[in-house]
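A.B. asks: This is the structure I have questions about; it appears just below.
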Amino acid sequence: MRLSRRDESQHPANKGDQPWTSNTPRPAALRQLTSCSGKQKLNFHAHQVNILERTLEDGTDYTQINPNGYVPALRLDDGMLLTENVAILDWIAGQSAVLLPEGKLGRTRHLQTLAFISTEIHKPFIPLFFLEDEEEQARLRETLVPRFRWIGSRLDGETLFGARFTGADAFLYVMLRWAAMIGLETPDAFKAFVEKVESRETVRTVLATEGLKPLRSEM
0 MRLSRRDESQ HPANKGDQPW TSNTPRPAAL RQLTSCSGKQ KLNFHAHQVN
50 ILERTLEDGT DYTQINPNGY VPALRLDDGM LLTENVAILD WIAGQSAVLL
100 PEGKLGRTRH LQTLAFISTE IHKPFIPLFF LEDEEEQARL RETLVPRFRW
150 IGSRLDGETL FGARFTGADA FLYVMLRWAA MIGLETPDAF KAFVEKVESR
200 ETVRTVLATE GLKPLRSEM
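For the sequence shown, position 73 (counting from the first letter as 1) is numbered 72 according to numbering that gives the first Met the number 0, and the numbering increases by one without interruption.
Here it is, written out as structure tokens:
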């Protein structure tokens with residue numbers, strides 16, 4: 000996977016020559032995109048977003064790019080803006096059938112899994128990073144436990160869909176890293192999953208670039 004290092008003066012909001020993605024520090028989206036798009040050598044230029052101030056790293060008003068003000072966002076080389084994890088990961092998977100589960104309903108099964116991770120796991124995590132109410136934090140943690148247990152029961156061998164690594168695997172891996180950040184216990188079944196994901200060269204490259212330790216060392 001090659002990350003573009005273009006001159007920052009060529010602002011991506013006004014350029015159509017290469018896809019770019021916006022992320023927060025320690026970006027979940029960047030890890031997902033790099034882990035998946037590395038398979039197809041899709042180039043993109045990554046940007047960090049201050050989600051509280053809604054600005055890019057150069058001070059640009061992020062809402063001029065994504066009016067909703069949140070991440071991730073992916074601008075394609077034709078100017079089209081994609082938002083939402085499910086849509087972006089589906090678009091990447093659509094660039095090659097290799098990134099989708101096999102079978103007639105492969106894409107549908109993939110979308111189903113992406114939607115579950117996005118709405119049932121990712122969404123409850125967000126307030127956990129900002130809330131100070133200990134009772135509400137405890138409630139959200141209790142909510143996440145059975146949902147991780149359920150998605151863990153859907154593993155087909157070492158990944159979610161057998162031999163193929165998909166966008167859903169990348170998304171789930173990020174959520175497991177978030178679980179480790181808050182000390183949330185997850186099923187032992189994920190140990191083999193994490194080993195498999197972190198054996199990928201693109202994933203190792205991303206972790207090294209961001210200065211992150213492999214998750215398997217914390218499980």
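Each residue gets a CB set at the ideal place from its N, CA and C atoms; glycine is no exception.
#1: In the DSSP assignment, the beta strand (DSSP E) including Ala188 goes from what residue to what residue?
#2: CB-CB under 6 Å to Ile120, same chain, minus the five flanking residues each way: which ones, in chain order?
#3: Let's see if you can read the secondary structure: which residues bound the alpha helix (DSSP H) around Arg108?
#4: Output needed for Thr54: all residues of its chain with C-beta closer than 6 Å, excluding positions within five of it in sequence on either side, in chain order.
#5: With distances taken between CB atoms, is the gap from Ile87 to Leu98 smaller than 8 Å?
#6: Mapping the DSSP letters down to three states, classify Val202 as helix, strand or coil.
#7: For the beta strand (DSSP E) containing Gln47, name the first residue and the last one.
#8: Let's see if you can read the secondary structure: which residues bound the beta strand (DSSP E) around Ala72?
#9: Are the beta-carbon atoms belonging to Leu171 and Ile91 less than 8 Å from one another?
#10: Take Ser198 and list the residues in its own chain whose beta-carbon comes closer than 6 Å to its own, dropping the five residues that flank it on each side.
#11: Does the Cβ of Ala96 have 16 or more other Cβ atoms within 10 Å, making it buried, or fewer, making it exposed?
#12: Assuming Leu104 and Pro123 form a contact by the criterion Cβ under 8 Å, report the distance between their Cβ atoms to the nearest whole angstrom.
C.D. replies: If we stick to the structure as given:
#1: One-based indexing of the sequence shown puts residue 188 at position 189. Element bounds for Ala188: n/a, residue is neither H nor E.
#2: Along the sequence shown, read from residue 1 onward, the residue named residue 120 stands at position 121. The residues are Arg146 and Met174.
#3: In the sequence shown, counting from the first residue as 1, residue 108 sits at position 109. Gly105 to Phe115 is the span of the alpha helix (DSSP H), which, as asked, contains Arg108.
#4: Mapped onto the sequence shown, residue 54 falls at position 55. So the qualifying residues of the chain are Tyr61.
#5: The residue given as residue 87 occupies position 88 in the sequence shown. The residue given as residue 98 occupies position 99 in the sequence shown. Not in contact: Ile87 and Leu98 (Cβ atoms no closer than 8 Å).
#6: For the purposes of this step, residue 202 is identified with residue 203 of the sequence shown, where counting begins at 1. In this structure, Val202 counts as helix in the three-state DSSP scheme.
#7: Here residue 47 refers to the residue found at position 48 when the sequence shown is read from its first residue. Unbroken beta strand (DSSP E) run through Gln47: His44 to Asn49.
#8: Your numbering for residue 72 matches position 73 in the sequence shown. Ala72 to Arg74 is the span of the beta strand (DSSP E), which, as asked, contains Ala72.
#9: Position 172 of the sequence shown, counting from 1, holds the residue named residue 171. Position 92 of the sequence shown, counting from 1, holds the residue named residue 91. Not closer than 8 Å, so no.
#10: To locate residue 198, count along the sequence shown from 1; it is residue 199. Here the set comprises nothing.
#11: On the sequence shown, residue 96 is found 97 positions in, with the first residue counted as 1. With fewer than 16 Cβ atoms within 10 Å of its Cβ, Ala96 is classed as exposed.
#12: As a first step, residue 104 is located in the sequence shown; it is residue number 105 there, counting from the start. As a first step, residue 123 is located in the sequence shown; it is residue number 124 there, counting from the start. About 28 Å separates the two Cβ atoms, so there is no contact after all.
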